[in-house]
Each structure stands twice: as structure tokens, then as C-alpha cells.
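Chemist:
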Amino acid sequence: MVELTDLPGCLVIHTATEGTDDPETTRRVDAAFHGTIAAIAALLRRGIAAGELAADLDAEATADLLFTTLAGLRVRHRAGHDLQRLRAPVDQALRVLG
Numbered sequence: 001m002v003e004l005t006d007l008p009g010c011l012v013i014h015t016a017t018e019g020t021d022d023p024e025t026t027r028r029v030d031a032a033f034h035g036t037i038a039a040i041a042a043l044l045r046r047g048i049a050a051g052e053l054a055a056d057l058d059a060e061a062t063a064d065l066l067f068t069t070l071a072g073l074r075v076r077h078r079a080g081h082d083l084q085r086l087r088a089p090v091d092q093a094l095r096v097l098g
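When we follow the UniProt record's numbering, the leftmost residue of the sequence shown carries the number 1, and every step to the right adds one.
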């Protein structure tokens, strides 16, 4: 199993947090964010259709929440936050899913 401490980081998150004046780089970061959120939403919709998730779960809003949580966790990990402190938001995000 891969541990959070084993992950080197995400180039997209690093690029987004560093900022850029290059429009093409900004477009690519935005596209990566959008693509990831869309993929998460598709998985959530599959879970809803299969009865694994609540029928009234808003897949798009929840995908945005999960992506934002993941991005925030990557930034906090990069800032050196203790893994125990990072588990609480993960647990809360999972509770949102039911």
C-alpha cells in the first residue's frame, strides 16, 4: 500500500501553488483540475447508480469537495503537516459520502 509520505507530490498542484504568468500553463493546470473533478464526478455517479451512494448525493458538488480536499491535503503535506492532523479531513470527507 502506498503511504502519503511515499508520494513525491503533484506537478499540477506545485505549479498551481507557485503561480505562473504563462497563459498556456494556466490553461493546462485548469484543464487538469477540471479533468480530475470530472473523473471523480463520473465515479460518484456510478456509485449512485449502483446504489452504493445516496441517490440524492450531488455528484458534481461532491467531486469538487473531494478534489479540493485532496489538493489541500497535498499542500498541507508539502508544508510538513503531521499525517495524523491530515487524517481528520479525510475522515470527514468520507463521512460526507455516507
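Just so you know, even glycine gets a beta-carbon here, dropped at the ideal spot from N, CA and C. Note that the structure is a prediction, hence the values are computed from the model and not measured.
Please say whether A63 and I37 have beta carbons closer to each other than 8 angstroms?
Modeler: Here residue 37 corresponds to residue number 37 of the sequence shown, with the count starting at 1. Here residue 63 corresponds to residue number 63 of the sequence shown, with the count starting at 1. The answer is yes: Cβ separation under 8 angstroms.
Chemist: Going by alpha carbons, who is nearest to L70 out of T20, A42, P89 and T25?
Modeler: Numbered from 1 along the sequence shown, position 70 holds the residue referred to as residue 70. Minimum Cα distance to L70 is reached at P89.
Chemist: For my contact list, T25 and T17 are in at a C-beta cut-off of 8 angstroms; report their separation, rounded to the angstrom.
Modeler: For the purposes of this step, residue 25 is taken as the residue at position 25 of the sequence shown. For the purposes of this step, residue 17 is taken as the residue at position 17 of the sequence shown. The pair is not a contact, with the Cβ atoms about 13 angstroms apart (cut-off 8 angstroms).
Chemist: Excluding the 5 residues flanking V12 on each side, which residues of the same chain have their C-beta closer than 6 angstroms to its C-beta?
Modeler: For the purposes of this step, residue 12 is identified with residue 12 of the sequence shown, where counting begins at 1. Answer for V12: V29 and A32, listed in chain order.
Chemist: Identify which residue in D82, G51, H81 and T20 has its Cα closest to the Cα of L97.
Modeler: Against the sequence shown, residue 97 aligns to sequence position 97. Here the closest residue by C-alpha is G51.
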